[in-house]
Amino acid sequence: MCYNGRTVDIKDVLTRKRGTILKRWFDLILETYPADVAIFLRNEQDRFTNPVGHVLTEGTALLYDGLIHDVDPEKILSALDGIIRIRAVQDSLPSQAVGFIFLLKKAVREELEKAFTGDALLTTLSQLESRIEMMSLLAFDVYTRCREEVYNIRSGEIRMERDMAMRLLKAMKQQDKE
Amino acid sequence: MAEEKLKKPEEMFEVSLTPGTGDWMEPSAGFRKGTYCYGAPLKHQKYLDLPNQREWQPSNEDWKLPPDWKETILEGMERLIKRHRSFRLFLDICVRCGACADKCHFFIGSGDPKNMPVLRAELLRSVYRRYFTPEGRLFGKYAGARDLTEDVLKEWFYYFFQCTECRRCSVYCPYGIDTCEITMMGRELLNLVGCNIQWVVEPASNCFRTGNHLGVPPHAFQETLGFALDELKDLTGIAIEAPINRKGAEILFVAPSADYFANPHWFTFLGYLMLFHEIGLDYTWSTYASEGGNFGLFHSMELAKRLNAKIYAEAKRLKVKWVLGGECGHMWRTLHQYMDTFNGPADFLEEPRSPVTGTRFENAQSTKMVHITEFTADLLYHNKLRLDKSRNDQWKITFHDSCNPARGMGLLEEPRYIIRQTCNHFYEMPENTIRERTFCCGSGAGLGADENIEMRLRGGLPRANAVKYVKERHGVNMLACICAIDKAALPPLLEYWVPDVGVCGVHELLGNALVMEGERERTTNLRGEPLAAGDGEGDVR
Ligand code: SF4
Ligand code: SF4
Ligand code: SF4
Chain S
112 MCYNGRTVDI KDVLTRKRGT ILKRWFDLIL ETYPADVAIF LRNEQDRFTN
162 PVGHVLTEGT ALLYDGLIHD VDPEKILSAL DGIIRIRAVQ DSLPSQAVGF
212 IFLLKKAVRE ELEKAFTGDA LLTTLSQLES RIEMMSLLAF DVYTRCREEV
262 YNIRSGEIRM ERDMAMRLLK AMKQQDKE
Chain E
7 MAEEKLKKPE EMFEVSLTPG TGDWMEPSAG FRKGTYCYGA PLKHQKYLDL
57 PNQREWQPSN EDWKLPPDWK ETILEGMERL IKRHRSFRLF LDICVRCGAC
107 ADKCHFFIGS GDPKNMPVLR AELLRSVYRR YFTPEGRLFG KYAGARDLTE
157 DVLKEWFYYF FQCTECRRCS VYCPYGIDTC EITMMGRELL NLVGCNIQWV
207 VEPASNCFRT GNHLGVPPHA FQETLGFALD ELKDLTGIAI EAPINRKGAE
257 ILFVAPSADY FANPHWFTFL GYLMLFHEIG LDYTWSTYAS EGGNFGLFHS
307 MELAKRLNAK IYAEAKRLKV KWVLGGECGH MWRTLHQYMD TFNGPADFLE
357 EPRSPVTGTR FENAQSTKMV HITEFTADLL YHNKLRLDKS RNDQWKITFH
407 DSCNPARGMG LLEEPRYIIR QTCNHFYEMP ENTIRERTFC CGSGAGLGAD
457 ENIEMRLRGG LPRANAVKYV KERHGVNMLA CICAIDKAAL PPLLEYWVPD
507 VGVCGVHELL GNALVMEGER ERTTNLRGEP LAAGDGEGDV R
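For the record, the sequence lines run as chains S and E.
To get my numbering, take the position in the first sequence, counting from 1, and add 111.
To get my numbering, take the position in the second sequence, counting from 1, and add 6.
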């Protein structure tokens with residue numbers, strides 16, 4: 112791709128701008144939290160005190176790299192799972208739970224607009240955005256799976272309670288017989 | 007109730023990702039399914055003779071509060087302030103330094119600022135300021151004071167039933183402010199106008215009626231004990247006896263009722279029975295004091311006291327010398343911190359002394375009640391038990407300090423000592439997630455209801471996250487604990503956050519390893535799973 116007489120490769124730009132874009136993406140995600148929570152998520156470095164911040168930092172980095180390089184799809188899935196598993200029980204809407212992926216679009220677009228213009232910008236963006244969209248489709252799958260797990264866990268608990276009641280009934284009947 | 011609606015794609019991005027404006031003074035309680043517990047059923051409200059009896063749900067618009075609810079709450083507050091000096095102190099001295107802010111597992115897991123302990127307390131403190139301090143009366147909002155409104159009351163309910171009373175925050179507060187106690191007081195106040203949850207009121211009412219939370223009547227208790235003895239006969243070939251209501255026994259043993267009815271508690275129950283048989287303990291179970299746990303504690307001091315009274319009453323009736331208690335969290339909180347003043351002094355009992363080792367449990371001089379891990383650790387320390395550690399070799403174990411025994415009574419080493427003596431593979435979770443700094447399971451203090459699953463999963467995230475770490479690092483596949491609620495709450499939690507890690511009690515591990523006099527060769531563990539061919543190599547950290 113040509114820009115200002117220089118050949119600019121999109122991968123190059125994304126690799127060079129990795130730190131900036133990742134930071135911007137992270138900030139945009141933090142903006143979806145109340146201000147004091149965002150401060151905590153950003154500043155607390157201990158991964159056990161701040162598991163959500165830790166998973167976000169690691170997960171977003173992996174997903175970003177997945178945009179540029181051929182990363183093992185399993186890894187992409189597991190990074191998505193890490194983040195979405197949390198958001199699936201934190202947020203009330205599916206859109207909130209997976210919305211963080213769309214924020215990557217915004218972060219990337221802001222940077223690419225600085226590197227490309229006109230048609231070049233459009234083509235690079237559309238290339239990238241279709242990859243991000245693929246990712247968001249996967250994200251919806253992960254979200255659905257997590258929600259299913261939550262329901263299964265809940266119905267499992269109800270089943271356990273019922274089994275316990277049955278055992279109690281059995282014990283009571285047994286005694287009545289004796 | 008705010009129901010979830012799917013938005014159009016274009017709305018999705020713009021609208022829903024931004025948080026609310028977030029002024030904490032504005033009361034807000036989003037009773038969304040999965041994040042709150044159901045209200046107490048009328049039947050059980052009646053049974054316990056609770057105030058303002060009616061059918062109600064937190065998600066209802068109208069909570070059917072009594073006309074004078076506000077006066078009732080404010081009078082109640084005044085009473086509590088007078089009665090509990092600590093309460094007034096906690097309301098007055100917080101300097102909002104924020105040291106506790108990020109220490110609550112519900113804050114960490116939910117990202118909801120009102121789950122910061124300081125703000126949780128502020129929900130109540132703001133009302134206290136408004137009605138009980140001159141500056142609050144004068145300057146209102148500007149002095150951080152809020153009027154008591156129905157919305158404020160709903161918010162109290164929402165957030166005081168999002169606190170497991172685990173006291174983690176208090177460990178970090180330079181003034182020792184215990185938000186757990188604020189929650190307890192908040193719940194007391196809510197009770198005055200009939201706002202409590204099913205998962206607290208129903209077990210408490212069962213306990214009142216039958217002697218235990220699960221509502222197991224005496225004959226069913228006897229039957230279930232019989233099942234356990236049959237199971238042990240099949241496993242070990244030994245006919246074990248377990249006396250019930252036996253007058254003149256030396257020791258009364260009291261366990262949480264979940265131990266003899268729930269899973270995986272059952273295997274801990276088997277462990278107790280094996281141990282007592284092996285050392286020839288002169289003891290008895292009781293069908294009257296058939297519950298060590300005390301859901302009254304999550305309701306009000308009064309109810310906690312009423313339920314707790316059974317233990318001493320039964321000890322007196324059976325003429326035992328002292329009381330031994332099983333693996334349970336809040337049960338020990340009640341016994342350790344309140345029993346003496348609730349229903350003591352137990353001057354008809356003797357200072358507990360191990361009949362096997364002669365050790366005197368001076369720490370229990372006053373309550374006359376010993377924790378089973380203290381008792382067993384002492385036996386092990388004096389080499390009174392024969393053990394085959396390799397029978398636990400299929401497990402790589404880590405230990406979850408249940409908050410109440412750990413923070414509430416300082417029981418940190420005894421369970422670890424037992425695990426080290428009975429297992430070859432033991433790995434600790436990171437330092438800032440265990441012992442006094444342990445993370446709660448997220449389901450304590452009555453919050454373990456299935457309808458509250460999402461909130462529990464949020465609250466349990468920090469605990470599970472540390473388990474995940476040792477799983478990835480050392481291949482840990484078993485989480486041991488000494489709390490009945492934990493044994494019920496951790497399996498679903500781990501299923502979601504860290505699949506393939508099981509949950510067990512410490513006395514299950516002991517039961518597996520215990521070599522009993524005259525036993526047949528064991529081919530399975532207490533769960534009926536084949537024993538792993540051990541490599542004999544220990545790895546205890
Ligand atoms: S007692 Fe536990 S649950 Fe309650 S506010 Fe403190 S840390 Fe949170
Ligand atoms: S640590 Fe103590 S003094 Fe500081 S904000 Fe929390 S409760 Fe208040
Ligand atoms: S249930 Fe267990 S971990 Fe949770 S508060 Fe109670 S003792 Fe602590």
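Backbone N, C-alpha and C fix where the C-beta goes; we use that ideal spot for every residue, glycine too.
Apart from sequence neighbours up to five positions away, the residues of its chain that approach Ala255 (chain E) with a beta-carbon distance below 8 Å are Pro249, Asp288, Tyr289, Thr290, Leu324, Val326, ordered along the chain.
Between Gly452 (chain E) and Phe275 (chain E), the beta carbon gap of about 23 Å keeps them out of contact (Cβ cut-off 8 Å).
In this structure Ser396 (chain E) is not in contact with Asn369 (chain E), their Cβ atoms being roughly 33 Å apart against a cut-off of 8 Å. Look at Trp291 (chain E): its C-beta is not under 9 Å from any C-beta on chain S. When rounded, the separation of the alpha-carbon atoms in Arg242 (chain S) and Glu260 (chain S) is 27 Å. Counted as a single uninterrupted DSSP element, the stretch harbouring Val182 (chain S) is not any beta strand (DSSP E), since DSSP gives it neither H nor E. One alpha carbon belongs to Tyr164 (chain E), the other to Thr170 (chain E), and they sit about 12 Å apart. Taken through DSSP and simplified to helix, strand or coil, Thr235 (chain S) comes out as helix. Within chain E, the residues whose beta carbon sits less than 7 Å from that of Glu260 (chain S) are Tyr502, listed in sequence order. Relative to Arg270 (chain S), the option among E:Ser306, E:Arg366, E:Arg469, E:Ala494 whose CA is nearest is E:Ala494. Val509 (chain E) has E:Leu485 as its beta-bridge partners, per DSSP. With a threshold of 16 other beta carbon atoms within 10 Å, Phe112 (chain E) meets it and is buried. Of the candidates E:Pro436, E:Cys489, E:Glu442, E:Pro436 places its Cα closest to the Cα of Tyr475 (chain E).
A direct Cα-to-Cα measurement between Arg126 (chain E) and Met415 (chain E) gives close to 24 Å.
The stretch 484-498 of chain E and the stretch 266-280 of chain E touch, with no fewer than 3 CB-CB distances between them shorter than 8 Å. For the set E:Gly115, E:Pro180, E:Gly192, the Cα lying nearest the Cα of Ser132 (chain E) is the one of E:Gly192.
Judged by pairs of C-beta atoms under 8 Å, the stretch 128-146 of chain E does not touch the stretch 463-482 of chain E, as fewer than three such pairs exist.
C-alpha of Arg265 (chain S) to C-alpha of Arg462 (chain E): approximately 11 Å in a straight line. Along the stretch 448-481 of chain E, the positions whose C-beta sits under 7 Å from a C-beta of chain S are Asp456, Ile459, Glu460, Leu463, Arg464, Leu467, Pro468, Asn471, Ala472, read in chain order. Here Leu54 (chain E) carries a coil assignment [DSSP, helix/strand/coil]. Here Leu86 (chain E) really is in contact with Phe93 (chain E); their C-beta atoms are around 6 Å apart, less than 8 Å. Contact between the stretch 150-162 of chain E and the stretch 192-202 of chain E is established, with three or more Cβ pairs separated by less than 8 Å. Look at Ile244 (chain E) here: in three-state DSSP terms it is coil, with no helix or strand label. Looking at S:Met283, S:Leu223, S:Leu279, the one whose alpha-carbon comes closest to that of Thr131 (chain S) is S:Leu223. The three-state reading of DSSP puts Trp401 (chain E) in coil, since its state is none of H, G, I, E or B. The Cβ atoms of Cys334 (chain E) and Ala261 (chain E) lie closer than 9 Å to each other. Measuring C-alpha to C-alpha distances from Trp75 (chain E) to each of E:Leu154, E:Ala107, E:Tyr42 identifies E:Leu154 as the nearest.
In the DSSP annotation of this structure, the continuous segment of the beta strand (DSSP E) that includes Phe259 (chain E) starts and ends at 257-260. Residue state for Leu80 (chain E) is assigned as helix, using DSSP reduced to three classes.
Beta-bridge annotation (DSSP): Tyr289 (chain E) is paired with E:Ile257. Using a Cβ-Cβ cut-off of 9 Å, Gln201 (chain S) counts as an interface residue toward chain E, since at least one Cβ of chain E sits closer than that to its own.
Residues of the stretch 225-240 of chain E that bring their beta carbon within less than 9 Å of a beta carbon in chain S comprise His225, Ala226, Phe227, Gln228, Glu229, Thr230, Gly232, Phe233, in sequence order. Between ligand 2 and the CB of Gly150 (chain E), the shortest heavy atom gap is not smaller than 8 Å.
A Cβ-Cβ separation of about 6 Å places Phe137 (chain S) in contact with Thr171 (chain S) under the 8 Å criterion. Rounded to the nearest angstrom, the gap between the Cα atoms of Thr41 (chain E) and Val504 (chain E) is 21 Å. Against chain S, the beta carbon of Phe267 (chain E) has neighbours under 7 Å at Met275, Arg278, Leu279, listed in chain order.
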